[in-house]
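Below you'll find the structure, written out as structure tokens, and then a few comments.
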Amino acid sequence: MNVFAEAFAWLFDPANWEGPDGIGARLAFHVVFSLAVVAGATIVALPIGVLIGHTGRGREPAVVVSGALRALPTLGLLTILALAMGLSVLAPYLALVVLAIPSVLAGAYAGVGGVSRTTVDAARAMGMTEGQIVLRVEAPLGLPTVIGGIRSAVLQVVATATLAAYIGGGGLGTYLFSGLKTGNYPMVLGVSMLIIALALVLDGAFALTQRLVVPEGVRVRRGTARLRSRPSRPRAAMG
Amino acid sequence: MNWVWSNLDRIGELVVVHLALSVPPVILAFVISVPIGWAAWRFRWSRGLLLSVCGILYAIPSLPLLLTLPGLVGVPLRSPANMILALALYGVALMVRTAADAFGDVDGDVRLASTAMGFSAWRRFTGVELPLAGPGLLAGLRVVIVSTVSLATISAVIGVQSLGSLFTDGFQRNIPAEIWSGVIATMLIAVALDALAVLGGRLLMPWARAPRRRRRGIVEQELAEVGA
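Chains as they are written, first to last, in the working numbering: chain C, 1 to 239; chain L, 240 to 467.
Below, the structure written as structure tokens:
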């Protein structure tokens with residue numbers, strides 16, 4: 001456990017947190033950059049996903065495209081874009097947006113498309129326009145799954161943003177690569193644990209949000225936890 | 240293209256290394272997840288716990304995990320063993336849920352019938368539950384194959400050879416063709432291993448095609464992982 005003691009000592013040394021190259025600044029950059037990437041991906045993918053989910057058309061191509069995107073090795077995409085665009089923050093930003101799109105897209109079409117057709121037909125029979133159906137029926141009912149997609153994207157991006165330091169993306173990954181080069185394992189270990197903690201905290205926050213946005217009427221009585229957890233799972237939506 | 244022709248043997252060499260790095264974790268993940276998935280289905284109290292652990296495991300970023308494992312379990316940092324261990328962990332995290340669902344989908348009446356016919360618990364597992372859960376397990380295995388082959392490339396940044404070495408080398412020497420060939424080779428390996436898994440499934444389970452109802456894209460499976 002000696003390495004861990006050293007790693008914690010490095011991590012909690014106030015001197016390492018200060019300044020523009022300190023942990024504080026890089027942690028903030030890492031978080032802001034990741035959220036900016038997910039925001040970018042959401043702007044692109046959410047409308048498309050909602051459209052696919054609402055109309056039920058184009059699901060197959062979306063599955064294929066997002067599957068292929070996911071099979072694309074992240075490091076390959078990062079280095080190709082870095083060579084093409086130079087060592088700026090733009091290359092990792094674009095690469096990460098591309099990587100975040102499949103999750104947001106899948107969450108959106110699974111969430112919106114998974115709303116019971118009976119419910120949608122009822123809304124239509126009551127005279128709701130298509131826009132009202134999307135905004136007032138499908139959006140609230142599908143929201144947990146849509147947020148699940150964003151949650152998955154956030155995890156993916158926080159992890160890949162670490163890797164992006166390899167092409168000069170900045171953030172916490174910078175410590176890992178410089179530590180690997182100089183053999184400073186306590187620093188590498190300390191920052192690795194910090195990134196893991198960051199990912200788990202963000203994941204927990206999104207998990208909580210997912211629970212909170214389940215509409216009141218959909219929430220089922222205690223004791224039927226299986227049913228209650230269903231709306232947040234795309235599998236149930238597909239089934 | 241010139242770069243590819245003059246470096247074919249180097250690419251071929253790395254393809255072999257990459258296979259050696261990504262096939263063992265896939266097999267390990269499958270062998271480990273099947274009993275865990277079965278337990279998650281069989282003992283309902285354990286399901287939430289096991290699936291939560293898998294969800295948390297899956298949420299851990301890969302590079303920090305690779306750098307933490309040496310401190311935790313003592314594998315050398317720049318070793319294929321470290322890489323294989325990390326990839327196997329992700330594979331298990333992805334596969335346990337599918338395995339639990341696959342066993343849960345086995346028809347309860349068939350299970351009762353086999354018990355009534357005097358099957359022991361072990362024979363019921365090997366002779367009834369496992370074959371019937373087979374198509375679901377295969378679907379999970381295919382997702383693990385694709386994600387493992389792709390993820391194995393990051394070994395290059397910790398100094399373990401794989402097709403990812405073409406990314407780091409191509410980046411440092413400014414040769415886009417080298418990176419492209421790495422990307423394409425990685426995706427071809429994923430497709431080939433996936434086809435092999437499907438073929439194996441046809442041979443072992445000639446009575447069944449993959450169940451339509453459960454067919455999910457890789458992204459949807461990952462969503463299920465975080466969305467539970």
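Every residue, glycine too, gets a C-beta built ideally from N, C-alpha and C.
Item                                                                                                                                                                          : Value
Reducing DSSP to helix, strand and coil, say where Ile-210 of chain L ends up.                                                                                                : Because residue 210 of chain L is not part of the residues shown, which for chain L are 240 to 467, the question remains open.
Can you tell which of L:Pro-445, L:Asn-413, L:Asp-408 has the C-alpha that lies nearest to the C-alpha of Arg-249 of chain L?                                                 : L:Asp-408
Apply the 10 Å Cβ neighbour rule to Ala-5 of chain C and answer buried if 16 or more other Cβ atoms are within range, or exposed otherwise.                                   : exposed
When you check each C-beta in the stretch 424 to 438 of chain L against every C-beta of chain C, which residues fall closer than 7 Å?                                         : Thr-425, Met-426, Ala-429
Does the beta carbon of Phe-406 of chain L come closer than 8 Å to any beta carbon on chain C?                                                                                : yes
Along the chain, where does the alpha helix (DSSP H) that runs through Val-262 of chain L open and close?                                                                     : 247 to 281
First and last residue of the alpha helix (DSSP H) that includes Pro-47 of chain C?                                                                                           : 23 to 55
I need the DSSP call for Arg-412 of chain L, collapsed to helix, strand or coil.                                                                                              : coil
Within the continuous alpha helix (DSSP H) that includes Leu-194 of chain C, where are the two ends?                                                                          : 185 to 212
Can you find the residues in the same chain that come closer than 8 Å, C-beta to C-beta, to Val-254 of chain L, ignoring five residues on each side of it along the sequence? : Leu-402, Ala-424, Ile-428
For my contact list, Val-120 of chain C and Gly-40 of chain C are in at a C-beta cut-off of 8 Å; report their separation, rounded to the angstrom.                            : Actually they do not touch by this definition, with Cβ atoms about 30 Å apart.
So, do the stretch 62 to 79 of chain C and the stretch 154 to 171 of chain C have three or more beta carbon pairs nearer to each other than 8 Å?                              : yes
Give the residues from the stretch 281 to 315 of chain L that approach chain C closer than 9 Å (Cβ to any Cβ), ordered along the chain.                                       : Gly-287, Gly-294, Ile-295, Tyr-297, Ala-298, Ile-299, Pro-300, Ser-301, Leu-302, Pro-303, Leu-304, Leu-305, Leu-306, Thr-307, Pro-309, Gly-310, Leu-311
So, is Thr-473 of chain L buried or exposed, given that buried needs 16 or more other C-beta atoms within 10 angstroms?                                                       : Outside the modelled stretch of chain L, which goes from 240 to 467, sits residue 473 of chain L, for which no answer is possible.
Where does Pro-20 of chain C sit, in a helix, a strand or coil, going by DSSP?                                                                                                : coil
May I ask you to report which of helix, strand or coil DSSP gives Gln-400 of chain L?                                                                                         : coil
Helix, strand or coil: which one does DSSP assign to Glu-80 of chain C?                                                                                                       : Reading off the sequence, residue 80 of chain C comes out as Ile, not Glu. Note: Ile-80 of chain C maps to helix in three-state DSSP.
Apart from the five residues just before and just after Arg-286 of chain L, which ones in its own chain have a Cβ nearer than 8 Å to its Cβ?                                  : Ala-279, Trp-280, Ala-339
Check the Cβ of Leu-163 of chain C against every Cβ in chain L and list those closer than 9 Å, keeping chain order.                                                           : Pro-300, Ser-301, Leu-302, Ile-393, Val-396
Would you call Ser-192 of chain C buried or exposed, if buried means 16 or more other Cβ atoms sit within 10 Å of its Cβ?                                                     : buried
From which residue to which residue does the alpha helix (DSSP H) around Met-334 of chain L run?                                                                              : 319 to 343
Among the residues of its own chain, which have a CB less than 8 Å from the CB of Val-335 of chain L, if the five just before and after it don't count?                       : Ser-272, Ile-275, Gly-276, Ala-279, Leu-289, Leu-290, Cys-293
For Gly-398 of chain L, which residues of its own chain have a beta-carbon under 7 Å away from its beta-carbon, when the five flanking residues on both sides are left out?   : Arg-317
Applying the 10 Å Cβ sphere with the 16-neighbour rule, what's the burial state of Ala-355 of chain L?                                                                        : exposed
Put Ser-291 of chain L into one of helix, strand or coil per three-state DSSP.                                                                                                : helix
Relative to chain C, which residues along the stretch 367 to 385 of chain L have a C-beta separation below 7 Å, given in chain order?                                         : Val-385
Counting only beta-carbon separations shorter than 8 Å, does Leu-72 of chain C have a partner in chain L?                                                                     : yes
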